[in-house]
Structure formats: structure tokens, C-alpha cells
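Each residue of the sequence shown is one higher than the one before, counting from 7 in my numbering.
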Amino acid sequence: MRRDLLEVGIDPELFDSNVIIAKTPYEAAEKAHALATLTEWDEFRTLDLPKIYDLMLKPAFVFDGRAVLPAAALKAHGFDAFVIGKG
7 MRRDLLEVGI DPELFDSNVI IAKTPYEAAE KAHALATLTE WDEFRTLDLP KIYDLMLKPA
67 FVFDGRAVLP AAALKAHGFD AFVIGKG
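Here it is in C-alpha cells:
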């Protein structure tokens, strides 16, 4: 993602100081208002959605750019979920 931003001329100082690399999806969710899935990795299909929701600030948004997460389950657990390209 960083490379893509650089290729379109985005100043790296705008994102380098505000981006934290998380080692797990749960670490990434902690105190976040929004999560985005950008790959189709299988590990995203087996996430503990209630745990993720509990770790996040509310409202909790999920933007699923690869349609790997079950939108109905996300909404049932309280997420404001958006499956990109599917509504």
C-alpha cells in the first residue's frame, strides 16, 4: 500500500508517522474505529468477530475490499460493515 501511495505522489510524511504495523488482526483492531481487508488471505475468514468488535472503538466500521468476511455476521455482531463492490 505504501508503494502505491508513493507512486501517485502522496507525501510519505502524511502516512509514515500515522501508520502502525500490527502483528495480528487483533492488535490492529485495538482502539481502532475502522478496519479494512485488502487481501483474500484465509486467516481473515476465521477471525473471532466478537473479540474484534470488543477491542475496537465504537462505532466500529469494517470495509471489506475482497468480500472475505461474512457481511451478515459482521452486522449481527454490531459492526457497520461495507463490502466494497457489494454494498
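Note that the Cβ used here is the ideal one computed from N, Cα and C, for glycine as well. These numbers were taken from a predicted model, which means no experiment stands behind them.
Helix, strand or coil for residue i, going by three-state DSSP, please let me know.
{"i": "PHE88", "result": "strand"}
{"i": "LEU20", "result": "helix"}
{"i": "THR52", "result": "helix"}
{"i": "VAL66", "result": "As written in the sequence, residue 66 is Ala, which differs from the Val given in the question. Of the three classes helix, strand and coil, the one that applies to ALA66 here is coil, per DSSP."}
{"i": "ALA38", "result": "coil"}
How long is the line joining the alpha carbons of residue i and residue j, rounded to whole angstroms?
{"i": "GLU13", "j": "LYS37", "result": "30 Å"}
{"i": "MET62", "j": "LEU75", "result": "17 Å"}
{"i": "LYS29", "j": "ALA35", "result": "11 Å"}
{"i": "SER23", "j": "THR52", "result": "31 Å"}
{"i": "PHE21", "j": "ASP60", "result": "26 Å"}
{"i": "PHE50", "j": "GLU33", "result": "14 Å"}
{"i": "VAL25", "j": "GLU19", "result": "10 Å"}
Could you pull out every residue in the same chain whose Cβ sits closer than 7 Å to the Cβ of residue i, ignoring the five residues on either side in sequence?
{"i": "ALA42", "result": "PHE69, GLY71"}
{"i": "ARG9", "result": "none"}
Between the options, which has its C-alpha nearest residue i's C-alpha?
{"i": "ALA66", "options": "LEU11, ASP48, HIS83", "result": "HIS83"}
{"i": "ALA97", "options": "LYS64, GLU46, MET7, ALA78", "result": "Absent from the structure is residue 97, since the part of the chain shown begins at 7 and ends at 93."}
{"i": "ASP48", "options": "LEU11, ILE27, PRO31", "result": "PRO31"}
{"i": "PRO56", "options": "LEU80, MET7, PHE50", "result": "LEU80"}
Who are the near neighbours of residue i in its chain, counting only those whose CB is closer than 8 Å to its CB and skipping five residues on each side?
{"i": "ALA77", "result": "ASP70, ALA87, VAL89, LYS92"}
{"i": "LEU44", "result": "MET7, GLY71, ARG72"}
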